[in-house]
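The structure appears below as structure tokens.
Protein chains in written order, with our numbering: chain P, 1 to 673; chain W, 674 to 834.
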């Protein structure tokens with residue numbers, strides 16, 4: 001079988017999964033669809049691995065599938081990397097989905113849309129022409145939109161989230177389309193290879209316009225500030241396996257789009273383009289991590305953290321472009337490697353976190369951190385997986401997050417003198433932004449893990465929670481396993497990443513980051529020995545535990561009540577909550593977050609010295625949504641209301657409109673002609 | 674000691690009381706607490722007379738800290754509990770919980786006559802009993818209120834310094 005056949009067979013298996021999901025009886029449909037999705041993922045991953053190992057792209061053309069243009073599939077090493085990323089999230093997510101199914105994923109629509117969504121995600125990076133890309137891109141948006149709306153009958157929030165997502169993603173798609181149309185108008189054909197040739201002769205202004213349009217369009221899909229507002233709405237409302245796919249895989253394809261247009265098609269650009277990317281990345285990272293630190297809804301927190309992680313990837317991408325523009329190919333390649341590794345890591349740990357948030361939601365009936373607690377004892381495996389994934393996202397060694405941030409820091413720190421004044425100012429600022437982001441991420445995930453899983457349960461639902469079915473645990477466990485493996489032996493993936501990077505930056509010589517099991521930066525100073533680091537940590541922890549056991553001569557511990565200042569009544573409400581944990585951060589960043597706080601105290605009628613009830617409300621809403629989107633929505637709404645007056649329901653007036661329009665056109669024709 | 678003598682002693686920047694030689698103080702605590710005694714104070718219903726004397730004992734004039742005793746903010750940090758007053762109804766549970774929250778080996782020190790035998794409050798409607806009726810007491814300090822020197826002597830009987 002040729003490599004191209006793998007792609008076709010994978011796509012067919014994905015479609016068959018969709019059909020099976022829609023057709024099979026309710027008890028088996030999700031399982032059957034999931035198994036077929038795994039087949040699809042395996043076939044596409046096989047093709048991707050083939051491309052990454054040989055370095056030769058697979059080119060397919062089906063003239064009959066799409067009228068006028070046909071379907072072009074070109075799987076480059078860069079695309080193959082993203083296919084592997086999607087497959088890595090899709091298999092655990094659908095496995096988790098089998099257990100999750102009774103909680104809203106077993107309707108015909110959902111069971112059909114999930115496989116279609118996965119199949120399209122697998123094919124988008126393989127699209128080789130504008131028409132194919134836009135069709136797949138739109139299918140991806142529609143499939144995910146229908147999954148966000150799965151719960152629309154019961155939840156008003158799902159309908160609102162669907163509207164936000166639909167509008168933003170379609171405006172983004174329109175901008176992408178305009179960018180591609182401009183390119184295609186100056187090219188001989190509409191395949192990306194033709195666009196690349198055509199883009200060489202474009203005027204700098206046009207190139208800049210194309211880049212900015214694509215940046216905004218793909219940025220809206222990637223959840224970059226200020227186009228991120230749909231993320232914290234849509235991710236919490238979608239079923240958790242879908243959230244994992246959207247956050248882990250779909251958002252990464254937004255960044256793929258920016259690399260595709262910026263590096264592959266346009267072949268890089270002037271410094272200011274990349275400074276914009278760098279600034280957007282830094283803003284996203286800071287804004288996302290800050291809101292994650294102050295969110296109390298577990299999935300909303302994870303959604304903001306997605307913005308944060310995409311921001312870091314854009315930071316790496318911007319730095320890479322900056323180095324490319326100032327002719328530092330080695331650093332540029334390192335930056336792009338960092339961006340891709342960051343995206344892969346994000347897919348692994350954020351997928352695991354979203355899936356375990358789904359497990360928690362099904363077990364405890366809520367995802368509000370202020371209602372959770374004590375889950376580690378009730379759901380030991382889910383809890384342990386969540387803790388490992390949270391440690392990974394905080395970039396603690398020996399997990400994968402550390403590798404990604406190490407690469408990013410190395411590329412930024414080595415870029416201190418690149419011969420561009422603006423760049424030399426921007427790079428240290430980026431390092432500072434990254435450092436603050438790392439700290440805020442730790443706050444967010446200490447809160448998520450500590451408040452959610454430790455302590456005592458804060459609600460009856462959390463108290464009654466039991467461990468979820470094995471499929472859900474295995475789904476999370478697979479992704480946590482990926483986090484650990486990449487963290488300990490990153491050299492497994494680095495050759496593939498380097499090959500992917502060479503598609504985008506063809507002029508780069510071999511980086512050869514992998515030296516046995518160690519990382520070494522060729523031509524730069526910087527060595528990391530992750531396996532040795534992991535071994536040292538394991539030995540240190542085991543040694544301390546062993547020494548403690550040998551040396552301790554203490555009497556047997558006495559179990560006593562937690563110290564509550566001697567109060568007679570001790571309840572779970574006396575614990576730290578997510579809100580109170582975030583309060584200091586919220587106070588420090590008061591000017592940015594602008595929380596809405598309300599304190600109502602009512603007194604008994606007889607005396608003002610006696611309080612009847614105290615009501616306190618504290619909400620942190622999105623400042624960008626309030627400041628940027630609400631006014632626009634208000635204007636649109638006013639226009640809509642004004643336009644409504646044109647349609648009073650009178651047939652006579654409608655006929656008059658028709659006549660008037662005809663006369664106007666005739667007059668216009670007479671004047672022009 | 675007269676005010677004048679106290680002020681003179683302060684002016685000369687040394688302790689007001691000259692400590693008894695340690696050999697004259699009987700030993701009355703667990704071996705582990707010798708040298709350092711961290712205390713959590715519980716007011717179980719005192720008139721605050723004993724509190725003034727305790728504050729004075731730990732102040733610069735009498736300076737109990739130089740004998741190894743120190744007041745801390747939580748029983749989790751403490752080796753012992755310093756209890757004053759008769760135990761009132763509202764303070765029974767907090768007192769028991771505070772003693773329970775103090776890690777072993779620990780001492781319970783009843784300061785003042787009220788803590789020993791309810792003093793003038795004996796038979797009061799809100800009084801449950803003396804400290805010894807609620808938790809086991811290791812050291813008692815008589816007096817209404819006890820002199821700071823008496824408090825320090827009792828503490829030194831545990832710290833041996």
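Built from N, CA and C at the ideal position, the CB exists for glycine as well.
Report task. Take residue 475/P as the anchor and find which of 42/P, 58/P, 92/P has the nearest alpha-carbon. Result -> 92/P
**Report entry** Which of helix, strand or coil DSSP assigns to residue 598/P
**Finding:** strand
Query - CB of residue 120/P within 7 Å of CB of residue 139/P, strictly - result: yes
Requested in this report: Quick one: give me the first and last residue of the beta strand (DSSP E) that residue 616/P is part of.
Outcome: 611-619
Report task. Can you give me the start and stop residues for the beta strand (DSSP E) that residue 62/P sits inside? Result -> 58-62
Requested in this report: Give the straight-line distance between the Cα atoms of residue 589/P and residue 289/P, rounded to the nearest whole angstrom.
Outcome: 12 Å
Query raised in the report: For a contact meaning CB atoms closer than 9 Å, what does residue 566/P contact in chain W?
Result: 715, 748, 764, 766, 767, 768, 769, 770, 771, 774
**Report entry** Under the three-state DSSP convention, the category residue 251/P falls into
**Finding:** helix
Requested in this report: Only counting runs of 3 or more residues, tell me where the beta strand (DSSP E) segments fall wholly within the segment 712-797 of chain W, in order along the chain.
Outcome: 742-744, 753-757, 780-784
Query raised in the report: Using DSSP with H/G/I as helix, E/B as strand and the rest coil, what is residue 357/P?
Result: helix
Query - Beta-carbon neighbours of residue 456/P, restricted to chain W and to distances below 9 Å - result: Simply none; closest approach about 17 Å.
Query raised in the report: What is the DSSP secondary structure of residue 190/P, reduced to helix, strand or coil?
Result: coil
Report task. Could you list the residues in the segment 544-560 of chain P with a C-beta less than 9 Å from some C-beta on chain W, going in chain order? Result -> 555, 558, 560
Report task. Kindly indicate which residue of 554/P, 552/P, 575/P, 556/P has the alpha-carbon position closest to the one of residue 562/P. Result -> 575/P
Query raised in the report: So, do the segment 35-52 of chain P and the segment 3-14 of chain P have three or more beta carbon pairs nearer to each other than 8 Å?
Result: yes
Query raised in the report: For a contact meaning CB atoms closer than 7 Å, what does residue 563/P contact in chain W?
Result: 747, 748, 749, 774
Requested in this report: Can you have a look at residue 304/P and say buried or exposed, based on whether 16 or more other CB atoms are within 10 angstroms of its CB?
Outcome: buried
Report task. Note down the Cα distance separating residue 384/P from residue 472/P, rounded to an integer number of angstroms. Result -> 14 Å
Query - Presumed contact (8 Å Cβ cut-off) between residue 122/P and residue 59/P, rounded CB distance - result: Between residue 59/P and residue 122/P the Cβ distance is about 17 Å, and since that is not below 8 Å, they are no contact.
Report task. Output, in chain order, the set of chain P residues within a Cβ distance shorter than 8 Å of residue 777/W. Result -> 555, 558
Query - Closest residue to residue 245/P among 355/P, 447/P, 638/P (Cα-Cα distance) - result: 355/P
Query raised in the report: For residue 368/P, which residues does DSSP report across the bridge?
Result: 297/P
Query raised in the report: Between the C-alpha atoms of residue 757/W and residue 389/P, what's the straight-line distance to the nearest angstrom?
Result: 51 Å
Requested in this report: Report the three-state DSSP secondary structure of residue 527/P (helix, strand or coil).
Outcome: strand
Query raised in the report: Name the DSSP bridge partner or partners of residue 520/P?
Result: 527/P
**Report entry** Nearest residue (CA-CA) to residue 347/P, options 609/P, 664/P, 86/P
**Finding:** 86/P
**Report entry** Selection from 612/P, 585/P, 606/P, 617/P that minimises the alpha carbon distance to residue 599/P
**Finding:** 617/P
Requested in this report: Give the DSSP bridge partners of residue 814/W, in chain order.
Outcome: 784/W
**Report entry** Coil, strand or helix - residue 305/P by DSSP
**Finding:** helix
Query - Given 8 Å, three or more beta-carbon pairs between the segment 241-255 of chain P and the segment 362-370 of chain P - result: no
Query raised in the report: What is the DSSP secondary structure of residue 515/P, reduced to helix, strand or coil?
Result: strand
Query raised in the report: Which two residues bound the contiguous beta strand (DSSP E) that contains residue 837/W?
Result: Given that chain W is displayed from residue 674 to residue 834, the structure contains no residue 837/W and the question cannot be resolved.
Query - Residues sharing a beta bridge with residue 72/P, DSSP - result: 61/P
Query raised in the report: Relative to the alpha-carbon of residue 703/W, which residue among 782/W, 808/W, 815/W has its alpha-carbon at the smallest distance?
Result: 782/W
Requested in this report: Just confirm the distance between the C-beta atoms of residue 794/W and residue 767/W, as a whole number of angstroms; I'd bet it's less than 8 Å.
Outcome: Between residue 767/W and residue 794/W the Cβ distance is about 18 Å, and since that is not below 8 Å, they are no contact.
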